[in-house]
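Just so we're aligned, residue 1 is where the sequence shown starts under the working numbering, counting upward by one. A virtual CB, placed ideally from N, CA and C, is assigned to each residue, including glycine. Below you'll find the structure, written out as structure tokens, and then a few comments.
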Amino acid sequence: MQGGRLRMLAWTLRSVAIGWKGIQKATGAKTDNVRFKKPQEPDTSKHRMKVILQAALTCMMLVISASDYSDRNVALRGRVTQSSVLTGQWQSVGYLGLAINAVDGNLDPNYYHGSCSHTHIEKSPWWRLDMLDQYHIDTVKITNRNEFAERLTGAEIRIGNSLANNGNNNPRCTVITNIGASATGTFQCHGMKGRYLNIIVPGITAFLTLCEVQVFGDLVYDHAG
Ligand SMILES: [Ca+2]
Numbered sequence: 001m002q003g004g005r006l007r008m009l010a011w012t013l014r015s016v017a018i019g020w021k022g023i024q025k026a027t028g029a030k031t032d033n034v035r036f037k038k039p040q041e042p043d044t045s046k047h048r049m050k051v052i053l054q055a056a057l058t059c060m061m062l063v064i065s066a067s068d069y070s071d072r073n074v075a076l077r078g079r080v081t082q083s084s085v086l087t088g089q090w091q092s093v094g095y096l097g098l099a100i101n102a103v104d105g106n107l108d109p110n111y112y113h114g115s116c117s118h119t120h121i122e123k124s125p126w127w128r129l130d131m132l133d134q135y136h137i138d139t140v141k142i143t144n145r146n147e148f149a150e151r152l153t154g155a156e157i158r159i160g161n162s163l164a165n166n167g168n169n170n171p172r173c174t175v176i177t178n179i180g181a182s183a184t185g186t187f188q189c190h191g192m193k194g195r196y197l198n199i200i201v202p203g204i205t206a207f208l209t210l211c212e213v214q215v216f217g218d219l220v221y222d223h224a225g
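Rendered as structure tokens:
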């Protein structure tokens with residue numbers, strides 16, 4: 001979260017600087033003139049003060065809004081898909097194993113309670129979250145199933161803006177070494193930027209099951225940066 005706040009502060013200071021230049025341009029004023037304005041120009045002075053206060057208020061609202069945003073689990077508002085959905089004798093009802101079960105806000109690790117995603121057994125199974133906008137991702141939390149916990153070992157978290165190879169070619173945040181049964185593992189991605197977050201078990205034939213994926217970060221305000 002700290003990195004996100006610093007990025008937001010830098011962005012705000014930059015916005016204030018840009019806004020200040022705009023005010024100077026609009027009013028035809030220079031910094032020295034504002035500081036030592038003549039007393040015979042009361043109307044211009046009031047107008048400038050009003051513009052400055054409005055700009056400051058806007059910046060404060062943006063900072064408050066962004067700080068609040070960084071504490072939210074942005075996965076809850078995203079869209080998800082995965083390489084396949086488990087079917088057959090283990091799929092007793094329709095919602096078991098769906099990709100969306102990993103972002104339903106429920107950390108229940110029992111697959112049969114209907115809150116875990118589950119692919120078929122296949123080569124390099126994957127799951128993808130589309131956050132619908134770019135984020136600087138700081139923290140990813142993954143809740144493992146209460147059984148077969150070892151299946152997540154070796155899975156990778158990837159973050160980026162590309163959909164090449166279904167998003168699985170995006171830069172790697174980390175490799176999951178171990179999350180215990182029913183446990184939630186926390187991974188730091190240090191502000192990696194992207195719209196898509198993938199979890200893939202690369203190179204082997206396996207199942208991929210995720211009982212919850214939580215993602216915390218900051219919305220990217222300056223897409224050019
Ligand atoms: Ca869930």
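Is it the case that the CB of residue i approaches a heavy atom of ligand 1 more closely than 7 Å?
i	result
Glu-150	no
Ala-102	yes
Asn-106	yes
Cys-211	yes
Ser-182	no
Cys-116	yes
DSSP three-state label for residue i, please.
i	result
Glu-150	helix
Ser-83	coil
Asn-198	strand
Arg-128	strand
Tyr-112	helix
Arg-158	strand
His-120	coil
Leu-208	coil
Val-103	helix
Leu-98	coil
Val-140	strand
Val-220	coil
Given that a residue counts as buried once 16 or more other Cβ atoms are within 10 Å of its Cβ, and exposed if not, what is residue i?
i	result
His-113	exposed
Gln-214	buried
Thr-205	exposed
Leu-129	buried
Ile-159	buried
Asp-71	exposed
So, does the CB of residue i fall closer than 8 Å to a CB anywhere in chain D?
i	result
Ile-142	Looking for chain D here will not work: only one protein chain is present.
Query raised in the report: Which residue spans inside the region 160-185 form an unbroken alpha helix (DSSP H) run of at least 4?
Result: Listed in chain order, there is nothing to give.
Query raised in the report: Between the region 206-215 and the region 168-175, do at least 3 Cβ pairs fall closer than 8 Å?
Result: Segments in contact, no.
Query raised in the report: Counting Cβ pairs closer than 8 Å, one from the region 174-186 and one from the region 122-129, do we hit at least three?
Result: The answer is no - the region 122-129 does not touch the region 174-186, with fewer than three Cβ pairs under 8 Å.
Report task. Take every Cβ of the region 178-198, pair it with every Cβ of the region 136-149, and state whether three or more of those distances are shorter than 8 Å. Result -> Judged by pairs of C-beta atoms under 8 Å, the region 178-198 touches the region 136-149, as three or more such pairs exist.
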